[in-house]
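Trainee: In the working numbering, the protein residues as written are 10 to 139.
If you scroll down you'll find the structure; I have some questions about it.
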């Protein structure tokens with residue numbers, strides 16, 4: 010598997026993935042400039058973003074996978090590889106903690122496979138467009 014940086018030209022394709030998984034696609038302007046796509050050959054499998062902060066904590070967010078990749082083992086490897094790649098990038102940038110917020114049980118399990126610990130339970134997110 011290979012990793013590459015997300016480009017704005019990838020956005021329309023990634024939006025299709027979010028729609029398939031019934032997740033409201035964030036606007037392109039909401040996405041961090043540190044986005045990574047994991048591919049196998051010429052097939053993009055998973056994508057996610059690292060958000061930097063001015064504290065010792067960063068955010069790993071908006072992980073999504075290509076629904077056309079039916080091989081669950083391949084998709085699992087791509088997603089966990091992506092999470093690990095994003096956290097390695099965070100370590101290289103000097104972060105001590107990585108945070109995320111999830112509702113999807115399968116994705117929660119993948120984060121746990123990558124060493125994340127469960128924090129808050131039954132928490133609701135609120136977002137305000139400014």
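For glycine and all other residues, C-beta sits at the position ideal for the given N, C-alpha and C.
Is the beta carbon of residue 87 sitting closer than 7 Å to the one on residue 55?
Mentor: Cβ distance < 7 Å, so residue 87 and residue 55 count as in contact.
Trainee: Pick helix, strand or coil for residue 69, following the three-state DSSP scheme.
Mentor: Strand at residue 69.
Trainee: Considering just the uninterrupted stretch of the beta strand (DSSP E) at residue 107, what are its terminal residues?
Mentor: Counting along the chain, the beta strand (DSSP E) containing residue 107 begins and ends at 106 to 108.
Trainee: Would you give the residue range spanned by the alpha helix (DSSP H) that residue 14 belongs to?
Mentor: Note, residue 14: premise wrong, no alpha helix (DSSP H); beta strand (DSSP E) at 11 to 14.
Trainee: Express the C-alpha separation of residue 111 and residue 117 in angstroms, rounding to a whole number.
Mentor: Using only the alpha carbons, I get a separation of about 6 Å.
Trainee: Give the DSSP-derived three-state secondary structure of residue 51 in the structure shown.
Mentor: DSSP places residue 51 in coil when its eight states are reduced to three.
Trainee: If contacts are defined as beta-carbon pairs under 8 Å, then residue 69 and residue 92 qualify, I think. What distance do you get, rounded to the angstrom?
Mentor: That pair is a contact at about 6 Å.
Trainee: Identify the residues that DSSP records as bridge partners of residue 57: which are they?
Mentor: DSSP output for residue 57 lists 45 as bridge partner(s).
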